[in-house]
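One structure below.
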Amino acid sequence: MTEQTTIDDTARGNSAWLERTTLMLKTPDRLNRLRDAAVLVAGVGGVGGVVAELLARAGIGRIRLIDADTVQPSNRNRQIVALSSTEGMKKVDIITRRLLDINPELILDIKDDFIEPETVDDVLTPIEGKTLDFVVDAIDTLACKTALIHKAHENGIRVVSSMGAGAKLDPTMVRIADLSDSRFCPLAKAVRRILRREGLTSGVTVVYSDERPDREAMREERSRNKASIVGTISYMPWVFGSFCAAAVVQALVRDHGGTISALDGSDVVDG
324 MTEQTTIDDT ARGNSAWLER TTLMLKTPDR LNRLRDAAVL VAGVGGVGGV
374 VAELLARAGI GRIRLIDADT VQPSNRNRQI VALSSTEGMK KVDIITRRLL
424 DINPELILDI KDDFIEPETV DDVLTPIEGK TLDFVVDAID TLACKTALIH
474 KAHENGIRVV SSMGAGAKLD PTMVRIADLS DSRFCPLAKA VRRILRREGL
524 TSGVTVVYSD ERPDREAMRE ERSRNKASIV GTISYMPWVF GSFCAAAVVQ
574 ALVRDHGGTI SALDGSDVVD G
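Throughout, my numbering is defined as the position within the sequence shown, counted from one, plus 323.
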């Protein structure tokens with residue numbers, strides 16, 4: 324099911340809530356790059372839900388969300404959509420309300436579905452005529468994850484892919500790097516192996532952790548969407564999601580030769 328969601332035109336033009344963002348970015352042009360961007364967030368669970376909210380709060384103008392999952396009690400320790408009052412509800416419905424409450428001008432394209440290798444092309448289409456600038460992959464299922472990464476790369480769409488946030492505790496060891504440089508992550512290792520067979524060995528940005536996973540925090544689980552259950556602490560998916568969102572925003576504001584002083588080390592106020 325696909326649904327296009329915006330608000331009444333009478334609410335457009337109110338951007339006072341982006342005052343602090345504009346101050347940080349230093350020029351309206353950079354803010355406009357975010358407003359004009361189109362981003363797909365695949366999966367709105369622990370990592371993806373945080374990514375979607377942070378992109379909306381940064382002023383990204385078009386976001387496509389895809390997820391068919393519902394909130395379960397076990398989600399409540401880490402997922403932004405998960406409350407006792409939201410159990411059993413569709414995750415995309417909850418996050419849609421949150422994002423439009425943050426930015427009523429946001430153009431949301433909601434797909435209440437799971438990504439399958441055979442349907443990847445369907446989620447990479449433009450949003451209201453705007454070609455996707457980024458795909459943020461926050462999918463757990465290996466076959467679907469690698470199919471999305473490969474197809475996006477094949478279509479020239481930049482990708483930021485979240486690797487495993489589970490079985491890890493140290494937020495200071497989270498990194499943004501090329502997939503080929505990731506280590507100590509079983510998910511990243513499996514992704515590399517599959518993509519290598521497709522001829523893709525580099526050029527995929529990932530968020531991963533240098534921390535060695537706690538093997539005792541994992542157990543096998545054979546189900547449709549998961550091969551294992553991994554223990555996860557509350558803050559780690561949020562850190563991964565923050566890094567994913569940061570990678571997208573930084574790349575977009577740097578497009579067309581632009582830089583941000585706080586990112587390139589100049590004109591930074593100490594303290």
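Quick reminder that beta carbons are idealized off the backbone N, C-alpha and C, glycines included.
Which residue comes first and which comes last in the alpha helix (DSSP H) that contains residue i?
i: Ile-499; result: Unbroken run through Ile-499 is the beta strand (DSSP E), 497-501; no alpha helix (DSSP H).
i: Asp-445; result: 443-446
i: Phe-563; result: 558-577
i: Asp-424; result: 414-425
What number of angstroms, rounded off, separates the C-alpha of residue i from the C-alpha of residue j?
i: Leu-341; j: Asn-398; result: 31 Å
i: Ser-503; j: Ile-472; result: 14 Å
i: Met-412; j: Ala-461; result: 20 Å
i: Arg-577; j: Glu-543; result: 42 Å
i: Phe-507; j: Ser-532; result: 7 Å
i: Gly-526; j: Ile-383; result: 23 Å
i: Ile-433; j: Met-541; result: 32 Å
i: Leu-346; j: Asp-352; result: 12 Å
i: Val-562; j: Leu-377; result: 11 Å
i: Thr-419; j: Ile-438; result: 18 Å
i: Pro-509; j: Val-373; result: 23 Å
i: Gly-452; j: Arg-535; result: 43 Å
Starting from residue i, trace the beta strand (DSSP E) in both directions and tell me its first and last residue.
i: Lys-434; result: 430-434
i: Val-459; result: 457-460
i: Ile-552; result: 551-553
i: Arg-542; result: 541-543
Count the other C-beta atoms from every protein chain shown that fall within 10 angstroms of the C-beta of residue i, then say buried if there are 16 or more, exposed otherwise.
i: Asn-426; result: buried
i: Pro-396; result: exposed
i: Thr-469; result: buried
i: Ser-484; result: buried
i: Thr-555; result: buried
i: Arg-385; result: buried
i: Pro-560; result: buried
i: Asp-331; result: Low per-residue confidence applies at Asp-331: pLDDT is 37, beneath 50, and the placement is therefore not dependable enough to give any value.
i: Arg-343; result: exposed
i: Ser-505; result: buried
i: Ala-488; result: buried
i: Gly-366; result: buried
Restricting to Cα atoms, I'd like to know which of the options is closest to residue i.
i: Leu-492; options: Asp-537, Val-482, Phe-457, Arg-506; result: Asp-537
i: Val-364; options: Gly-479, Ala-475, Ala-488; result: Ala-475
i: Ala-511; options: Met-496, Leu-465, Gly-372, Glu-539; result: Leu-465
i: Val-362; options: Arg-343, Ile-389, Leu-348; result: Ile-389
i: Cys-467; options: Lys-453, Asp-456, Asn-478, Asp-444; result: Asp-444
i: Asn-478; options: Val-497, Ile-499, Thr-448; result: Thr-448
Check whether chain B comes within 8 Å of residue i, counting only Cβ atoms and requiring the distance to be less than that.
i: Ile-462; result: The structure shown contains no chain B, having only a single protein chain.
Self-check item: Complete alpha helix (DSSP H) runs within the region 471-536 (minimum length 4 residues, chain order)
Solution: 509-520
Self-check item: Residue ranges of each alpha helix (DSSP H) within the region 335-389, 4 or longer
Solution: 342-348, 351-358, 369-381
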